[in-house]
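Just below is one structure, and these are the notes that go with it.
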Amino acid sequence: MQPRQAPSAAERPEPSSPALAAVAAQTIQPSSPRFFFSSAASANPNISSHRRIAIAVDLSNESAYAVKWAVQNYLRPGDAVILLHVRPTSVLYGADWGSIDHSVVAPAEDGDPDDSHQKLEEDFDAFTTTKAQDLAQPLVDAQIPFKIHIVKDHDMKERLCLEVERLGLCAVIMGSRGIGASRRSSNGRLGSVSDYCVHHCVCPVVVVRYPDEAGGLAAEAEEGVEANSVAEEEHEVQVAADGQRD
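Take 0 as the starting number for the sequence shown in numbering that gives the first Met the number 0 and just add one per residue.
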């Protein structure tokens, strides 16, 4: 009797339950943004636009508005989107986290300080992931492929530029008051993070101005804006051309 040969890939049965199908799907999910971009392009081979776009967010309301603006005004079929967030290496490091429950970051009064700090970090990691998923909802609704990319670094502006170059992005979109307690100065110029990114990142920056509730101003987008350093303000930014990175 000859040994039985294993069935070929074409002969193998499909997963017989939603649970098995989910497991099978998870095995082909890209493990990094680079693979995500390749997968997105392969899924739409007939679409000429395969731009790699990042939306830099800091979990604030301004960042949420920038995501909505990008969906409505900037993104187009074929784009692959990275929701890029640089989280401080310490929860206690100053940053503008938007509207959050202070109990999330309140240290425990009892117990070992090291254990309390570790739990604080873990809780905030979970909170950050949940908040980022909430920010991505407009992308989900518009059925735009995206990946949430969260990294930790004590220097947000430098890490943003490094990630932008490393991922070979085509453009970065950000809110005008997002990314760390950003504010506009009286002369309308952008702040220190925007200024740094404009001068050190490799591609265009699209800055989405959050509507002025007091003045009722409509949102505007500014691309490639240069800025002088201002103490409190941040903006994200540039990226590599389509063919520049694999």
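In this text, a Cβ means the ideal position worked out from N, Cα and C, and glycines have one as well. Keep in mind it's a predicted model, so treat the numbers as computed, not measured.
Figure out for me which residue from Ala-141, Phe-126, Ser-89, Ile-52 has the closest Cα to the Cα of Gln-71. One-based indexing of the sequence shown puts residue 71 at position 72. Among Ala-141, Phe-126, Ser-89, Ile-52, the Cα nearest to that of Gln-71 belongs to Ala-141.
Whole-number beta carbon distance between Ser-175 and Val-205, since they are thought to touch under 8 angstroms: Numbered from its first residue, the sequence shown carries residue 205 at position 206. Numbered from its first residue, the sequence shown carries residue 175 at position 176. About 11 angstroms separates the Cβ atoms of Val-205 and Ser-175, ruling out a contact at the 8 angstroms cut-off.
Are three or more beta carbon pairs between the segment 58-75 and the segment 130-146 nearer than 8 angstroms? Segments in contact, yes.
So, at 7 angstroms on beta carbons, what are the nonlocal neighbours of Thr-129 in its own chain, with the 5 sequence-adjacent residues on each side left out? In the sequence shown, counting from the first residue as 1, residue 129 sits at position 130. Here Thr-129 has no same chain residue with a Cβ atom under 7 angstroms from its own Cβ, once five neighbours each way along the sequence are excluded.
C-alpha distance - Ile-54 paired with His-148, whole-angstrom precision: As a first step, residue 54 is located in the sequence shown; it is residue number 55 there, counting from the start. As a first step, residue 148 is located in the sequence shown; it is residue number 149 there, counting from the start. Between the alpha carbons of Ile-54 and His-148 lies a gap of roughly 10 angstroms.
Measuring only the C-alpha atoms, how far is Tyr-73 from Val-171? To locate residue 73, count along the sequence shown from 1; it is residue 74. To locate residue 171, count along the sequence shown from 1; it is residue 172. Looking at the two C-alpha atoms, the distance is approximately 11 angstroms.
Give a yes or no on whether the C-beta atoms belonging to Arg-50 and Cys-169 are separated by under 8 angstroms. Stepping through the sequence shown from its first residue, residue 50 is reached at position 51. Stepping through the sequence shown from its first residue, residue 169 is reached at position 170. The answer is yes: Cβ separation under 8 angstroms.
Given a threshold of 16 other Cβ atoms within 10 Å of its Cβ, counted over all protein chains shown, does Thr-88 qualify as buried or as exposed? Position 89 of the sequence shown, counted from the start, is the residue given in the question as residue 88. Its Cβ having fewer than 16 others within 10 Å, Thr-88 is exposed.
Extent of the continuous alpha helix (DSSP H) to which Leu-166 belongs: Within the sequence shown, the letter at position 167 stands for residue 166. Its alpha helix (DSSP H) spans residues 155-166.
What residue range does the beta strand (DSSP E) around Ala-170 cover? Against the sequence shown, residue 170 aligns to sequence position 171. Segment 170-174, the beta strand (DSSP E) holding Ala-170.
Boundaries (first-last residue) of the alpha helix (DSSP H) holding Ala-63: On the sequence shown, position 64 is the one that residue 63 refers to. Ala-63 -> alpha helix (DSSP H) spans 60-72.
Who does Lys-146 pair with in a DSSP beta bridge? Here residue 146 is taken as the residue at index 147 of the sequence shown, counted from 1. Note: Lys-146 sits in a beta bridge opposite Ile-81.
Give me, in chain order, the residues of the same chain whose beta-carbon lies closer than 7 angstroms to that of Ser-62; leave out the 5 immediate sequence neighbours on both sides. Against the sequence shown, residue 62 aligns to sequence position 63. Val-56, Leu-134, Gly-174, Gly-177, listed in sequence order.
Establish whether the CB of Thr-88 and some CB of chain D are separated by less than 8 angstroms. Here chain D cannot be found, since the structure has a single protein chain.
DSSP three-state label for His-101, please. On the sequence shown, position 102 is the one that residue 101 refers to. Low confidence applies here, because His-101 scores a pLDDT of 49, under 50, leaving its location unreliable; read the following figure in that light. Under the three-state reduction of DSSP, His-101 is assigned to helix.
According to DSSP, is Ala-135 part of a helix, a strand, or is it coil? Mapped onto the sequence shown, residue 135 falls at position 136. Of the three classes helix, strand and coil, the one that applies to Ala-135 here is coil, per DSSP.
Where does Cys-196 fall in DSSP's three states? Position 197 of the sequence shown, counted from the start, is the residue given in the question as residue 196. Cys-196 carries a helical assignment under DSSP once its states are collapsed to helix, strand and coil.
CB Leu-82 to CB Thr-127, shorter than 8 angstroms? To locate residue 82, count along the sequence shown from 1; it is residue 83. To locate residue 127, count along the sequence shown from 1; it is residue 128. Going by beta carbons, Leu-82 and Thr-127 fall outside the 8 angstroms limit.
Measuring CB to CB, does Ala-131 end up less than 8 angstroms from His-84? Position 132 of the sequence shown, counted from the start, is the residue given in the question as residue 131. Position 85 of the sequence shown, counted from the start, is the residue given in the question as residue 84. Yes, they are a contact pair.
Would you mind working out which of Cys-202, Glu-120, Arg-86, Asp-122 sits nearest Arg-158, comparing C-alpha positions? Taking the sequence shown and counting its residues from 1, the one referred to as residue 158 is at position 159. Nearest C-alpha to Arg-158: Arg-86.
Assign Glu-121 to buried or exposed, taking buried as 16 or more other Cβ atoms, counted over all protein chains shown, within 10 Å of its Cβ. Within the sequence shown, the letter at position 122 stands for residue 121. With fewer than 16 other CB atoms across the displayed protein chains lying within 10 angstroms of its CB, Glu-121 is exposed.
What residue range does the beta strand (DSSP E) around Arg-51 cover? Your numbering for residue 51 matches position 52 in the sequence shown. 51-55 is the extent of the beta strand (DSSP E) around Arg-51.
Hey, Lys-156 and Tyr-195 are a contact pair by Cβ (cut 8 angstroms); roughly how many whole angstroms apart? Counted from its first residue, the sequence shown places residue 156 at position 157. Counted from its first residue, the sequence shown places residue 195 at position 196. In this structure Lys-156 is in contact with Tyr-195, their Cβ atoms being roughly 4 angstroms apart against a cut-off of 8 angstroms.
I'd like to know whether the C-beta atoms of Glu-162 and Val-150 end up nearer to each other than 8 angstroms. By one-based count along the sequence shown, residue 162 stands at place 163. By one-based count along the sequence shown, residue 150 stands at place 151. Contact flag set, yes.
How big is the Cα-Cα spacing for Gly-167 and Asp-114? Counting from one through the sequence shown, the residue named residue 167 turns up at place 168. Counting from one through the sequence shown, the residue named residue 114 turns up at place 115. Straight-line Cα distance between these residues: approximately 39 angstroms.
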